[in-house]
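Asker:
Number of protein chains: 2
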Amino acid sequence: MEEKGISQVVIGRLPRYFRYLGELKDEGIERISSQDLSELMKVTASQIRQDFNNFGGFGQQGYGYNVEYLYNEIGKILGLDRRHNFIIIGAGNLGQALGNYINFERRGFIFKGMFDCNPQLAGKEIRGVKVMSMENLELFLRENDIDIAVLTIPKAGAVEVAEKLVQNGVRAIWNFAHVDLNVPKGIQVENVHLSDSLMKLSYNISRYMKEQENI
Amino acid sequence: MEEKGISQVVIGRLPRYFRYLGELKDEGIERISSQDLSELMKVTASQIRQDFNNFGGFGQQGYGYNVEYLYNEIGKILGLDRRHNFIIIGAGNLGQALGNYINFERRGFIFKGMFDCNPQLAGKEIRGVKVMSMENLELFLRENDIDIAVLTIPKAGAVEVAEKLVQNGVRAIWNFAHVDLNVPKGIQVENVHLSDSLMKLSYNISRYMKEQENI
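Respectively, the protein sequence lines represent chains A and B.
Under this note's numbering, the residues of the first sequence are numbered 9 to 223, in order.
Under this note's numbering, the residues of the second sequence are numbered 9 to 223, in order.
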């Protein structure tokens, strides 16, 4: 994957900082040193400083970080100060789970529509959003300002659906289908391949067992 | 995170190789060169060779890789030649989605039990597995050989439940709760923080928009 400027590895760590800072903020904590943040998050203080230096630092040496300021700045970097409308394609259990997750709303991700090719699901309501037929997808995209499409469908139809989404102005796909999508430059894709994650867990179980056998 | 030997980044790429090789195998393809695999997977041939060299190579120079052999070997490295029994804690939409996912079974992950603290869900059946009360969890773990617990509960109870799981012999947790678990050494945890993934997508949308504005 090509990257400009800041690496995706650093970007991948920002949501975790954001989560911890949000919790500190909720607990009423106003300042935190990189050392204390390091102990809390179990990463080195030097990594924290290096990560933050990518964005100009944030900190005042010796005074630690202002929690709320840092939380808001990282939120802005993550684009959470903008509102993102999203739709879900695939109204199965996973699609419903994501549609029902109200925390997305708190972060500015607004659930606008849900589509499924199964006629039995048509009309079903998830948090006030009715499941629509896939035939309505293009018209809906033309009439609504949708940034993100969540793909929770089997891999068989995913590539074709992704093409249709992109043709109709969707600029980002959160892909849970177990296939790599081939989208034009400028279209953002974030893959959540659940099986891959489970296999990684399985590898780590095996490795640990082998280590124990060798002791 | 501490790693022994092979880095988690390399391990993280193995499931994707496994997926592509499985598809090639299903298409009846017997051999593939690292160059062709590279084009298919959109990674460099040198990365493929480097990754495979961590496990002793696999390939015959000039003849390419034997697809089925490579598929089986990577499967073994991933521990997919062993059977893993798993339970799901949290029978909401996400838990149900994972319980219903039959592909896990094909990979040797066997769905054995499901637990929820909501009495209204008790007795509900997901693929022949009845949802049990959390009160039955410890007894169930003592009487069954469970490797993996999937945590699909809100973050509030997750740390406490994880402790109980570990005390009763669970050696791996697939954690969807939006909190970092603090488990003893030797217990494997794989986190799927869905909000983090969505924020990364949001970052990439913002970055792309800013790039476009600056052109």
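Note that beta-carbon positions come from the ideal geometry of N, C-alpha and C, so glycine has one too.
All figures in this text were calculated on a predicted structure; none of them were measured in a lab.
Look up residue 130 of chain A in the DSSP assignment and say whether it is helix, strand or coil.
Answerer: coil
Asker: Exposed or buried, what is residue 22 of chain B when buried is set at 16 or more other beta-carbons lying within 10 Å of its beta-carbon?
Answerer: buried
Asker: Would you identify the three-state DSSP class for residue 119 of chain A, choosing helix, strand or coil?
Answerer: strand
Asker: Per the DSSP calculation, residue 198 of chain B is bridged to which residue(s)?
Answerer: B/182
Asker: Would you mind telling me which residues of chain B sit closer than 9 Å to residue 22 of chain A, beta carbon to beta carbon, in chain order?
Answerer: 204, 207, 208, 211
Asker: Determine the direct distance from the alpha carbon of residue 139 of chain B to that of residue 224 of chain B, and round the result to whole angstroms.
Answerer: Nothing about residue 224 of chain B can be reported from this structure: the residues present for chain B run from 9 to 223 only.
Asker: Determine, using beta carbons only, whether residue 87 of chain B comes closer than 7 Å to chain A.
Answerer: yes
Asker: On the DSSP letters alone, give me the boundaries of the alpha helix (DSSP H) that residue 63 of chain A sits inside.
Answerer: Residue 63 of chain A -> no alpha helix (DSSP H), and no H or E assigned at all.
Asker: Assign residue 256 of chain A to one of three DSSP states: helix, strand, or coil.
Answerer: This structure leaves residue 256 of chain A out entirely; chain A is present only between 9 and 223.
Asker: Figure out for me which residue from B/183, B/115, B/97, B/159 has the closest Cα to the Cα of residue 142 of chain B.
Answerer: Of B/183, B/115, B/97, B/159, the residue nearest in Cα terms is B/97.
Asker: If we ignore side chains and look at the alpha-carbon of each, how far apart do residue 14 of chain A and residue 13 of chain B end up?
Answerer: 27 Å
Asker: Please confirm whether residue 58 of chain B has its beta-carbon closer than 7 Å to some beta-carbon of chain A.
Answerer: no
Asker: How many Å lie between residue 198 of chain B and residue 156 of chain A at the Cα?
Answerer: 26 Å
Asker: On a CA-only basis, which of A/20, A/159, A/206, A/207 is nearest residue 189 of chain A? Give me that one, please.
Answerer: A/159
Asker: Residue 176 of chain A to residue 35 of chain B, Cα distance in whole Å?
Answerer: 32 Å
Asker: From what residue to what residue does the beta strand (DSSP E) around residue 138 of chain A run?
Answerer: 137-141
Asker: Give the residues of chain B in contact with residue 115 of chain A, contact being defined as C-beta atoms less than 9 Å apart.
Answerer: 203, 206, 207, 210
Asker: Within the same chain, show all residues whose beta-carbon is closer than 7 Å to that of residue 5 of chain B, passing over the 5 residues directly before and after it, in chain order.
Answerer: With chain B covering only 9 through 223, there is no way to say anything about residue 5 of chain B.
Asker: If contacts are defined as beta-carbon pairs under 8 Å, then residue 93 of chain A and residue 118 of chain A qualify, I think. What distance do you get, rounded to the angstrom?
Answerer: 5 Å
Asker: Please identify the residue among A/49, A/192, A/54, A/219 whose C-alpha is closest to the C-alpha of residue 167 of chain A.
Answerer: A/192
Asker: Is it buried or exposed, residue 17 of chain A, if we count other Cβ atoms within 10 angstroms and call 16 or more buried?
Answerer: exposed
Asker: With 16 as the cutoff for other CB atoms within 10 Å, does residue 179 of chain B come out buried or exposed?
Answerer: buried
Asker: Sort A/37, A/33, A/31, A/57 by Cα distance to residue 43 of chain A and report the nearest one.
Answerer: A/57
Asker: Output the boundary residues of the beta strand (DSSP E) element that contains residue 158 of chain B.
Answerer: 156-159
Asker: I need the DSSP call for residue 11 of chain A, collapsed to helix, strand or coil.
Answerer: Only weak support is given to the placement of residue 11 of chain A: the predicted model assigns it a pLDDT of 39, under 50, and the question is left unresolved by the model.
Asker: For a test of the three-state rule: what should DSSP assign to residue 74 of chain B, helix, strand or coil?
Answerer: strand
Asker: Step through the CB atoms of chain A and report whether any lies within less than 7 Å of the CB of residue 80 of chain B.
Answerer: no
Asker: Anything in chain A within Cβ reach of residue 155 of chain B, meaning under 7 Å, just list it in chain order.
Answerer: The contacting residues are 213.
Asker: Given this structure, state the Cα-to-Cα distance separating residue 207 of chain B from residue 115 of chain A, to the nearest angstrom.
Answerer: 9 Å
Asker: To the nearest angstrom, how far is it from the Cα of residue 194 of chain B to the Cα of residue 223 of chain A?
Answerer: 14 Å
Asker: To the nearest angstrom, how far is the alpha carbon of residue 154 of chain A from that of residue 181 of chain A?
Answerer: 11 Å
Asker: Between A/70, A/205, A/86, which has its C-alpha nearest residue 39 of chain A's C-alpha?
Answerer: A/70
Asker: Going by beta carbon distance, what residues of the same chain come within less than 8 Å of residue 31 of chain B, once the five residues before and after it are set aside?
Answerer: none
Asker: What's the call for residue 54 of chain B, buried or exposed, on a 16-neighbour Cβ count within 10 Å?
Answerer: If you draw a 10 Å sphere on the C-beta of residue 54 of chain B, you find fewer than 16 other C-beta atoms in it, and that means exposed.
Asker: For residue 50 of chain A, tell me which candidate among A/67, A/24, A/33 has the shortest Cα-Cα distance.
Answerer: A/24
Asker: What does a CB cutoff of less than 7 Å around residue 169 of chain B pick up in its chain, not counting 5 residues either side in sequence?
Answerer: Taken in chain order, the residues that qualify are 97, 159, 161.
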